[in-house]
Amino acid sequence: MGDNVSGYIAHIFGKESSIQRKVIVVYLIVAVLPMMIITLSISAIYYNNLLKSAYGLVEQNAVQHEVVVKERMDVYEDVLYELVSNKEYIELGKKINTEDEKSFLVYRDHMETLLKNSVYTHEGIRGITFLADNGRYATYSKWYGSTNENIWSDEEARREIHEKIEENQKLTFIAVVNQSLTEGRDDYVILMGFPVKNLRSREQSGVLVIALENNILLFEENGKVNRENGVVTIIIDEQERILAGVENPYMNRNYKEYLEEEYGNVKRITEQIRKISDTEWTIVNIIDKDVYRKDIYKLVWAVIFLVAVVTCAFFLIVYFVSRKYIQTIQKIAQGIHDYEGTGAKEIHVEVDEKDELYVIARQFNIMTSRVNSLVETLRQRNEEIKAAAISQKHAEIKALEAQINPHFLFNTLDSINWRAIEHDEEEISNMLGTLGSLLRYSVSNIEMMVVLEAEISWLKKYIFLQRDRFHDSFDCRYDVSDEALSFPIYKMLLQPIVENTILHAFEEVKEGGMIDVKAFVRPDKRLEIRMKDNGCGIREDILEELRKEIHERGPLDGKHIGISNVVHRLRIYYGENAEIDVNSRWGEGTEFVLVIPDVR
């Protein structure tokens, strides 16, 4: 078995001392090995710089996060202080605490009406509850239609919350509390409470408790946990219980348990911890280094694959080219080896006259000067091989640079964006963020299909930048059916038409320009997209020329680059199943109609 494998290797790569094998070994040493070393070195440098940038951005974000949380809590504290110092609240609280049961129901309804008005003053307030000293209570919540659904119907829970706030006799935070009594429907909130007292007699009638959304502690209040960007922000208390930043199953649980269950190997993460001043809460930013490694791995594997393909192609070329000459060369080499200097006539190399090397063998038998010619030929061939290897190396390095440059551009835009944020340049920051999103979308695989909703979303960002560029001289309206939003289309089909409209239809428009984008799924299950503007329109002769080029399906010239792009791609992607038409009248605007089949 071993002999068979060795024979097969020798057949493909040549014998140990053969030219065939030496050429392959030289290629591996001169081209493949340096390429791998360069790739790994660049990947390591890029990874370290990426992590360093991430650490810096996360630290800046933590500082801003602390400021934002403190500002929000100050706002809600002001709301609470305003309520507990309101005479009407104080008087109602006293009556709820002292009156008989029948009167209590009336005052409770009045109190709940006032609480309802206060709840809707701020989006982050989930509900407000008054807990009387005698055990009675009045509450209003945005989520609960019946008090039997939440903890305020639990007398023991009310008593514990009342006692804790009364004991402190100051602004008290209780985090986090699950309001819901319904199994499987967790509702975590932060409670903020303060005693309700008569402003003159200081007589207490109860405590007022505001239930706040727990995600007010997060920099972004959408409550969504996204680990794809490599950074997760979590808020914990002094006992390391999780208050915000995770899914409900982990709320109120120990932070270390969360790390163990979600990340397992803690060596893969880096933690940045920042205390929120004047509170018992801490911001923890978890940086998952595996997320950043994935991009590096993709780059390395892409280069390895490219090198492997080129190497295999080189092996095949060497094998098929050399196989034709190997036997003849071996015969000539054996003849040279057997030559004893007694004269060329004593050497006779059997070579077919049809063989390209026959002339070399014959001339060598006649005169030794042919040896010099053979050496020169071999030298030229070696130079050609080296030149080809160097050219291939440069081409692969260029390909590698082309992969790295987009990442450098995105990171640079992101850095500029943070500089703009630091200098309170919100408009510039928004435009940079939009531009970065446009670039990521446009430089990724343009042959990829996306749902129409994603294409429309990208188009809105593009129009946002163009409106700023042209001083809001135009706007865009969208009328897209729900069924059309999920319809698959190829990327970047709509942008060239919109750009054509902006540059040509609105060329002389200073204000009032309007683009209407309408999309719906027709009865034949094809998507119809209509893009209409109120611009200057297209002259009749140009319109006829454009229609002729579209409907004859001939090659489009360079006069209509944007439209040519769309038509050409529609033909490639959908063939005869897609349609495009244009309707226009000079001075009244233009309408483009695209009909696209479902190719799923």
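Take the sequence shown: its position 55, counted from the start at 1, is 132 in the working numbering, and no numbers get skipped.
Cβ coordinates follow ideal geometry from the N, Cα and C atoms, glycine included.
Legend entry - Cα-Cα separation between G300 and I311, rounded to whole angstroms: Confidence in G300 is poor, its pLDDT being 49 and thus under 50, which makes the residue's placement too unreliable to answer from.
Legend entry - Reference E738, options D593, R603, R662 and V598, closest by Cα: Limits of the chain in this structure are 78 at one end and 677 at the other, which puts residue 738 out of reach.
Inset, instruction - Starting from the C-beta of Y217, find all residues in its chain whose C-beta is less than 7 angstroms away, skip the five residues before and the five after it, and write them out in chain order. - result: E189, L192, K193, V196, G204 and I205
Inset, instruction - Would you kindly work out how many angstroms separate the C-alpha atoms of S162 and Q137, rounded to a whole number? - result: 38 angstroms
Legend entry - Element boundaries [alpha helix (DSSP H), containing M113]: L110 to V161
Legend entry - Continuous alpha helix (DSSP H) stretch holding R235: start and end: E232 to N245
Inset, instruction - Assign V575 to buried or exposed, taking buried as 16 or more other Cβ atoms, counted over all protein chains shown, within 10 Å of its Cβ. - result: buried
Legend entry - Where Q281 falls: helix, strand or coil (DSSP): strand
Legend entry - Cα-Cα separation, L289 to H187: 22 angstroms
Legend entry - Candidates G664, K247, M112 and D675: closest to A385 by CA position: M112
Inset, instruction - Please look up how many angstroms separate the CB atoms of E357 and E315, rounded, as I've assumed it's under 8 angstroms. - result: 5 angstroms
Inset, instruction - List the DSSP bridge partners of D556. - result: K595
Inset, instruction - Please confirm whether P272 and V284 have their CB atoms less than 7 angstroms apart. - result: yes
Legend entry - Under the three-state DSSP convention, the category F541 falls into: helix
Legend entry - Collapsed DSSP secondary structure at A472 in the structure displayed: With a pLDDT of only 36 at A472, under 50, the local geometry of the prediction cannot be trusted, and no value is derived from it.
Legend entry - First through last residue of the beta strand (DSSP E) which encompasses M188: Premise fails: M188 lies in the alpha helix (DSSP H), E178 to V196, not in any beta strand (DSSP E).
Inset, instruction - Pick helix, strand or coil for E348, following the three-state DSSP scheme. - result: strand
Legend entry - Beta-carbon spacing of Y166, L160 below 7 angstroms: yes
Inset, instruction - With distances taken Cα to Cα, identify the nearest neighbour of S641 among M269, I533 and L623. - result: L623
Legend entry - Assigned exposure category for S278 - 16 Cβ within 10 Å defines buried: exposed
Inset, instruction - Kindly say whether E460, judged by its beta-carbon, lies nearer than 7 angstroms to any beta-carbon of chain B. - result: Chain labels in this structure do not include chain B; a single protein chain is all it has.
Inset, instruction - Would you mind stating whether I228 and Q256 have Cβ atoms separated by less than 7 angstroms? - result: yes
Legend entry - Residue burial classification, S120 (beta-carbon count within 10 angstroms, cutoff 16): buried
Legend entry - First through last residue of the alpha helix (DSSP H) which encompasses L248: It is not in any alpha helix (DSSP H) - L248 carries neither H nor E in the DSSP assignment.
Legend entry - Coil, strand or helix - F669 by DSSP: strand
Inset, instruction - Put D675 into one of helix, strand or coil per three-state DSSP. - result: coil
Inset, instruction - Tell me whether L182 is buried or exposed, calling it buried when 16 or more other Cβ atoms sit within 10 Å of its Cβ. - result: exposed
Inset, instruction - Pick helix, strand or coil for E605, following the three-state DSSP scheme. - result: strand
Inset, instruction - Kindly indicate the opening and closing residues of the beta strand (DSSP E) around D365. - result: T359 to D365
Legend entry - Within 7 angstroms, strictly: CB atoms of D365 and G307: yes
Inset, instruction - Measure from the alpha carbon of K219 to the alpha carbon of each residue in T198, D372, N211 and D151, then state which is nearest. - result: T198
Inset, instruction - Would you list the one or two residues that DSSP bridges to N227? - result: S257
Legend entry - Rounded straight-line distance, which links the Cα of A139 to that of E260: 35 angstroms
Inset, instruction - Measure how close the beta-carbons of I353 and V146 come, nearest whole angstrom, since I'm counting them as under 8 angstroms. - result: 6 angstroms
Legend entry - Residue environment, L382, which counts as buried when at least 16 other CB atoms sit within 10 Å: The amino acid occupying residue 382 in the given sequence is Phe; Leu does not appear at that position. With fewer than 16 other Cβ atoms within 10 Å, it is exposed.
Inset, instruction - Can you tell me which of the three DSSP states S661 falls into? - result: strand
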